[in-house]
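Taking it in order: structure first as structure tokens, then the write-up.
Residue numbers (UniProt numbering): 1 to 244.
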């Protein structure tokens, strides 16, 4: 169990109350003071309630009950951020190939030497467009399409390099990228450069500005759930992040 706050170096009185309430919630041991404090943070229209329309809530992280809700909020938030900053979103697409399907009974991939038969792993343009436009929660949270612009807030999804503060949940914003054209003429993201927001320590990588880290493309086998409920196993190359 994580017991130490790895990102927050300073705190207000309300920060301390929230931390105490969250810890007590883990053990179903909230006090009356915890309940009073938590209720005071419920957003609403009354004068003493927080207002989600306030400017300082504009680009904050949101925890949702369903992944589909998160996907839609990210989609709307990306378009809104680009409009607010006078930019146009740049779409970056994954490189997909058909993978080896799992056994429907065991859920595992077949073992042993594969048969020497020619198997076409090329995905048709129609299927490729469908895979690119699936919601992220339908593709193991590895997006087929990332829509980005400079300054856009992002959240790192994996503990890729804890010594560089590239940890799950770390917030940052896009400061640049390296891309190339793919086999279908689409833009492929090779490296995404993110400036970390308030990291636990100052990060300095040679050749990059302070607190700027690279998120690189990698390949993995994922299962995609199509609108028809058909599940496809594919190999997808993409930078994995979560835009707000």
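For glycine and all other residues, C-beta sits at the position ideal for the given N, C-alpha and C. Remember, predicted model here, so these are calculated numbers, not experimental data.
Does the distance from the C-beta atom of residue 239 to that of residue 189 stay below 8 Å? As a first step, residue 239 is located in the chain shown; it is residue number 239 there, counting from the start. As a first step, residue 189 is located in the chain shown; it is residue number 189 there, counting from the start. A contact, by the Cβ cut-off of 8 Å.
When burial is assigned at 16 or more other CB atoms within 10 Å of the CB, is residue 43 buried or exposed? The residue you call residue 43 lines up with position 43 of the chain shown. Residue 43 comes out exposed.
Cβ neighbours of residue 253 in the same chain (closer than 8 Å, five flanking residues each side left out): Not covered by the structure: residue 253. The range shown for the chain is 1 to 244.
Can you name the start and end residues of the alpha helix (DSSP H) that residue 199 belongs to? Here residue 199 refers to the residue found at position 199 of the chain shown. Per DSSP, residue 199 belongs to no alpha helix (DSSP H) and is neither H nor E.
Where does residue 269 sit, in a helix, a strand or coil, going by DSSP? The requested residue 269 does not occur in the structure, where the chain is confined to residues 1 to 244.
N- and C-terminal bounds of the beta strand (DSSP E) containing residue 236: The residue labelled residue 236 in the question sits at position 236 within the chain shown. 231-238 is the span of the beta strand (DSSP E), which, as asked, contains residue 236.
Pull up the distance between the alpha-carbon of residue 165 and that of residue 62, whole angstroms please. Locating residue 165 in the chain shown gives position 165, counting from the first residue. Locating residue 62 in the chain shown gives position 62, counting from the first residue. If you take the alpha carbons of residue 165 and residue 62, they lie about 21 Å apart.
Considering Cα atoms alone, identify which of 170, 145 and 176 is closest to residue 187. As a working mapping, residue 187 is identified with position 187 in the chain shown. Answer by Cα proximity: 145.
In the DSSP output, what is residue 92 paired with across the bridge? Here the question's residue 92 lines up with position 92 in the chain shown. DSSP output for residue 92 lists 146 as bridge partner(s).
Is residue 237 near residue 221, with beta carbons less than 8 Å apart? Residue mapping note: residue 237 aligns to position 237 of the chain shown, counting from 1. Residue mapping note: residue 221 aligns to position 221 of the chain shown, counting from 1. By the CB criterion at 8 Å, residue 237 and residue 221 fall outside the cutoff.
Whose C-alpha, out of 81, 67 and 217, is nearest the C-alpha of residue 92? Along the chain shown, one-based indexing puts residue 92 at 92. Per the Cα distances, 217.
Going by C-alpha to C-alpha distance, which of 199, 194, 219 and 135 sits closest to residue 208? Along the chain shown, read from residue 1 onward, the residue named residue 208 stands at position 208. Relative to residue 208, the option among 199, 194, 219 and 135 whose CA is nearest is 194.
Considering only the beta carbon of each residue, do residue 89 and residue 78 sit closer than 8 Å? Against the chain shown, residue 89 aligns to sequence position 89. Against the chain shown, residue 78 aligns to sequence position 78. Their beta carbons are under 8 Å apart, which means residue 89 touches residue 78 by this criterion.
Once you ignore the five residues that flank residue 192 on each side, which residues in its own chain have a CB closer than 6 Å to its CB? On the chain shown, residue 192 is found 192 positions in, with the first residue counted as 1. Cβ within range, chain order: 177, 215 and 239.
8 Å contact criterion, which residue 136 and residue 125 should meet: CB distance rounded: In the chain shown, counting from the first residue as 1, residue 136 sits at position 136. In the chain shown, counting from the first residue as 1, residue 125 sits at position 125. With 8 Å as the limit, residue 136 and residue 125 do not qualify as a contact, their Cβ atoms being about 21 Å apart.
If I follow the unbroken alpha helix (DSSP H) through residue 171, where does it start and stop? Here residue 171 refers to the residue found at position 171 when the chain shown is read from its first residue. Counted as a single uninterrupted DSSP element, the stretch harbouring residue 171 is not any alpha helix (DSSP H) but the beta strand (DSSP E) occupying residues 171-181.
Under the three-state DSSP convention, the category residue 124 falls into: By one-based count along the chain shown, residue 124 stands at place 124. Reduced to three states, the DSSP call for residue 124 is coil.
Can you tell which of 72, 97 and 225 has the C-alpha that lies nearest to the C-alpha of residue 184? For this step, residue 184 is matched to residue 184 along the chain shown. If we check each option's Cα against that of residue 184, 97 comes out closest.
Residue 199 burial status per 10 Å Cβ neighbour count (16 or more: buried): If you number the chain shown from 1, residue 199 lands on position 199. Counting Cβ neighbours within 10 Å, residue 199 comes out buried, since at least 16 surround it.
Hey, how far is the Cα of residue 85 from the Cα of residue 163? One-based indexing of the chain shown puts residue 85 at position 85. One-based indexing of the chain shown puts residue 163 at position 163. Rounded to the nearest angstrom, the two C-alpha atoms are 33 Å apart.
What's the call for residue 53, buried or exposed, on a 16-neighbour Cβ count within 10 Å? Reading the chain shown from its first residue, position 53 is the one you call residue 53. By the Cβ neighbour-count rule, residue 53 is exposed, with fewer than 16 other Cβ atoms within 10 Å of its own.
Would you say residue 182 and residue 60 are within 8 Å of each other, going by their C-beta atoms? What you label residue 182 is simply residue 182 of the chain shown in a count that begins at 1. What you label residue 60 is simply residue 60 of the chain shown in a count that begins at 1. No; because the gap between Cβ atoms is not below 8 Å, this pair is not in contact.
Close Cβ partners of residue 17 (< 7 Å) along its chain, the five nearest in sequence each way excluded: Working through the chain shown from its first residue, we reach residue 17 at position 17. Only 37 meet the Cβ criterion.
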